[in-house]
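Report on the following structure.
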Amino acid sequence: MSRLPAQRQPRGPRRPRLSRRTGLGAAVAVAAIMATVGCAGGDIGGNNPASSGQSFVGHSYESTYYQPASRPVAPPVSGTTVTGQHLSLSQYRGHTIVVNFWGSWCAPCRAEAPALGQLSRQLASRGVRFVGIDIRDQPDSAAAFMQQFNVGYPSINDPNDQIALDFHSTVPPADIPTTLVIDRDGRIADRIFGASTYRQLLSVINQVTGQTT
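If you're matching positions, the sequence shown starts at 19 in the numbering used here and goes up one per residue.
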C-alpha cells in the first residue's frame, strides 16, 4: 500500500517507520518498533509495564507535515482524565488540537512539558486546544507531574495503550513523547517524534493553522 504523501522536515537521525497496514499487522508493527526505539520497557502496545525512573532511549526531534489533501481522519478518542473527568476529542470539534502522548516516567516528556503548558495557555485565544494521553502511568504520578510542570490542560489516562492503538491505522505514535497536531476538520496534519521545544512546536502549529507568527 502506498504511503501518504508528506513533506518531511528531518531534524536528526532517521528512524524506523511504522507500517501503514491496518488490522493486526499494524498493531504488531507498533509494538515491535516501540520495543526497539521507545522508552525502555514502556513500548506502546507491548506487554512490558513502564516504571517510574526508567531510562529513555532518546531521539532527536523530527516532524512530518501532511498536506491538506493527504491528511487522515483522526479516530474518535475519549476516556477518563487523570483527574477523573470524561473527555472526548469531539468536544473540541472545530478547533486545532495538539495531542501529546507522554508518561511521568519519561525523561524527554519532562523536558518538553513546560513548553507545552506555556503554549496551551498562549494559544487558547487562537482556538488551539491541548490534550495529553498519559501512557502506562498511575493517575497520582501523572497528576504530580502536571502540577510540577504547570500543565493545565487535561490528560486522558491510557494505562493499557488503547488510545495509542486507536491511531494505528492512521498516523500512529511510536516513541514517547509523540505529538500529533489535528486540524480544524479533524484530520491529522503533523506528527512529531521526540521532545519539542517551544519554538519548534509553535512553528508546527502556525503551519497547520496558517499563521505566520
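Idealized CB from N, CA, C, for every residue including glycine.
As the structure is a prediction and not an experimental result, all values here were calculated from the model.
Just to check my reading of the structure: residue i and residue j have Cβ atoms closer than 8 Å, yes? What is that Cβ distance to the nearest angstrom?
i: I115; j: V149; result: 6 Å
i: E80; j: F185; result: Not quite, the Cβ-Cβ distance comes to about 17 Å (not below 8 Å), so this is no contact.
i: Y83; j: D208; result: 5 Å
i: T188; j: P90; result: 4 Å
i: G204; j: R154; result: 27 Å between Cβ atoms; not a contact.
i: G97; j: I174; result: 4 Å
Only counting the same chain, and skipping five residues up and downstream in sequence, which positions put a Cβ closer than 7 Å to that of residue i?
i: G145; result: H113, T114
i: Y16; result: Residue numbering for the chain in the displayed model covers 19 to 231; residue 16 lies beyond these limits and cannot be assessed.
i: S108; result: P94
i: V226; result: T114, V199, D201, A207, D208
Using three-state DSSP, classify residue i as helix, strand or coil.
i: S81; result: strand
i: I194; result: coil
i: G135; result: helix
i: A118; result: Residue identity check: residue 118 is Asn in the sequence provided, not Ala. Here N118 sits in strand by DSSP.
i: A207; result: strand
i: F167; result: coil
Would you decide whether residue i is buried or exposed? Buried here means 16 or more other CB atoms lie within 10 Å of its CB.
i: Q218; result: buried
i: P191; result: buried
i: G102; result: exposed
i: A161; result: buried
i: S214; result: buried
Taking 8 Å as the limit between beta carbons, can you name the residues of its chain near residue i, skipping five residues before and five after?
i: P172; result: T99, V100, T101, Q103, L105, V149, G150
i: I181; result: V95, G97, I151, I174
Apart from the five residues on each side of it in sequence, which residues of its chain come closer than 6 Å, Cβ to Cβ, to residue i?
i: I200; result: A92, I115, I206
i: P198; result: For the sequence presented, residue 198 should be read as Leu rather than Pro. Cβ within range, chain order: V117, I206, R209.
i: F163; result: S122
i: R147; result: Y110, H113, I115
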